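> Going by full-length UniProt numbering, the letters in the sequence shown line up with residues 1 to 224, in that order.
Ideal placement from N, C-alpha and C gives every residue a C-beta, glycine not left out.
Keep in mind that this is a model prediction, so the values were computed, not measured.
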Amino acid sequence: MSTAQEDLTGRARLRDAAIECFAARGFGESLRSIAARAGVSAGLVRHHFGSKEQLRAECDATVLDRYRTLKTESLNAGPAQLFAQLPPSRDGGILMVYILRSVQEGSSAGRLFVDNMVAEAVDFTADAVARGLVVPSRDEAARARFLVQQAIGAMLVNLAMRPEIQLDDFPAVMDQYMADAMLPTLEVYTEGIFTDRSYLETYLAYQASDNHPPVGHAGEAATR
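Here it is in C-alpha cells:
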C-alpha cells in the first residue's frame with residue numbers, strides 16, 4: 001500500500017496532469033487521457049477524486065490560486081527583474097490557456113474566474129495606488145473589471161486569429177502573445193492615448209447632469 005505522502009504526491013501529479021490536459025485540449029478530455037498523461041491508471045483518478053467533476057473543481061481552485069501567486073510576484077518585481085524573467089514560463093502559459101478555455105466555455109467556472117480576477121485586480125490596484133505605482137481611479141471596481149475583460153478578450157481574439165499556434169505548446173502561446181501585446185499594453189498604461197482631457201471632462205459633466213445619468217456595473221449611479 002502507498003504511504004500517505006505518496007498518495008498526496010500522486011493526487012497532485014494527477015491534478016497537474018489534468019490542468020495541462022484541459023488547457024491543451026479542452027474540458028472534454030477523458031479521465032483515461034488524463035491518467036495516461038500522468039503515467040497512472042484511470043482507476044487511480046477515480047480513487048483520488050471520485051469523479052471528473054470533482055477533479056475539475058480542484059483544478060479550477062488550483063489554477064486560480066496559482067494565478068493569484070503569479071500576479072502577486074509580478075507586481076512585487078521591478079521592471080528590470082520582471083523582464084529578466086522573459087521568455088515567459090511554460091507554467092504561465094498553462095494558466096493563461098486554462099483560464100481562457102474556462103471563459104470561452106461560458107460555464108460557471110469561467111464566470112467565477114473572471115469575478116475572482118476582478119476582485120484580485122481591485123486589491124492589487126489598491127496596493128499599487130498606495131505604493132505610488134498606479135494612478136487612482138474615480139471608480140476602482142469599474143476600472144478593474146474593464147481591464148480584466150479587455151485583457152481576456154484581447155487574448156481570446158489573438159489566439160483565434162492565430163490558428164497556427166497550437167494551444168498545447170504553452171511556451172509558444174506565451175511568446176506569441178507577449179510579442180504582440182507587450183509594447184502596446186505598456187504604451188497605453190504608461191502614456192495613455194488622448195493628448196488632452198476634453199473627452200473625459202465632457203463626459204464627467206454629462207454624467208453629473210440630469211439628462212442621462214449612467215449606471216455602473218452594480219446598478220448604482222457611477223457619479224464622482
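May I ask you to report which of helix, strand or coil DSSP gives Glu140?
Glu140 falls in the helix class under three-state DSSP.
> Express the C-alpha separation of Gly92 and Ala42 in angstroms, rounding to a whole number.
The straight-line gap from Cα to Cα measures roughly 27 Å.
> At the level of alpha carbons, what is the spacing between Glu140 and His47?
Looking at the two C-alpha atoms, the distance is approximately 45 Å.
> Contact between the region 111 to 122 and the region 157 to 172: three or more CB pairs below 8 Å?
No, they do not touch.
> Going by alpha carbons, who is nearest to Arg56 out of Val97, Ala109, Met96, Val157?
Checked all of Val97, Ala109, Met96, Val157; the closest Cα to Arg56 is Ala109.
> Output the distance between the C-alpha atoms of Leu156 and Val97, rounded to the nearest integer angstrom.
About 9 Å.
> Measure the C-alpha to C-alpha separation of residue 227 and Cys21 and round it to an integer number of angstroms.
With the chain covering 1 to 224 only, the question about residue 227 has no answer from this structure.
> For Ala24, collect the residues of the same chain with a Cβ closer than 7 Å to its Cβ; drop the 5 residues on either side in sequence, then sort them by chain order.
Excluding positions up to five away in sequence, the list reads Leu167, Asp168.
> Restricting to Cα atoms, I'd like to know which of Arg131, Ala17, Val118 is closest to Lys52.
If we check each option's Cα against that of Lys52, Ala17 comes out closest.
> Just curious, the alpha helix (DSSP H) that Phe124 is in, first and last residue?
Element bounds for Phe124: 108 to 130.
> Can you check whether the CB of Val63 is closer than 8 Å to the CB of Leu95?
Their beta carbons are under 8 Å apart, which means Leu95 touches Val63 by this criterion.
> Could you check which residue in Asp196, Arg11, Glu191 has the C-alpha nearest to that of Gly50?
Gly50 has its Cα closest to that of Arg11, out of Asp196, Arg11, Glu191.
> Between which residues of its own chain and Ile19 is the CB-CB distance below 8 Å, once the five residues before and five after are set aside?
Counting only Cβ-Cβ distances below 8 Å, and skipping sequence neighbours, we find Cys59, Thr62, Val63, Ile94, Tyr98.
> Could you give the residue range of the alpha helix (DSSP H) that holds Glu187?
Counting along the chain, the alpha helix (DSSP H) containing Glu187 begins and ends at 170 to 191.
> With a CB to CB cut of under 6 Å and the five nearest residues on each side skipped, what residues in its chain are close to residue 233?
Beyond the ends of the chain as shown, which are 1 and 224, falls residue 233; an answer cannot be given.
> Does the beta carbon of His48 fall short of 7 Å from some heavy atom of the ligand GDP?
Although the ligand GDP was asked about, the structure shown includes no ligands whatsoever.
> Please state the DSSP three-state secondary structure of Gly39.
Of the three classes helix, strand and coil, the one that applies to Gly39 here is coil, per DSSP.
> Taking the alpha carbon of Tyr189 as the point to measure from, which residue in Leu159, Thr202, Ala208, Gln150 has its own alpha carbon closest?
Of Leu159, Thr202, Ala208, Gln150, the residue nearest in Cα terms is Gln150.
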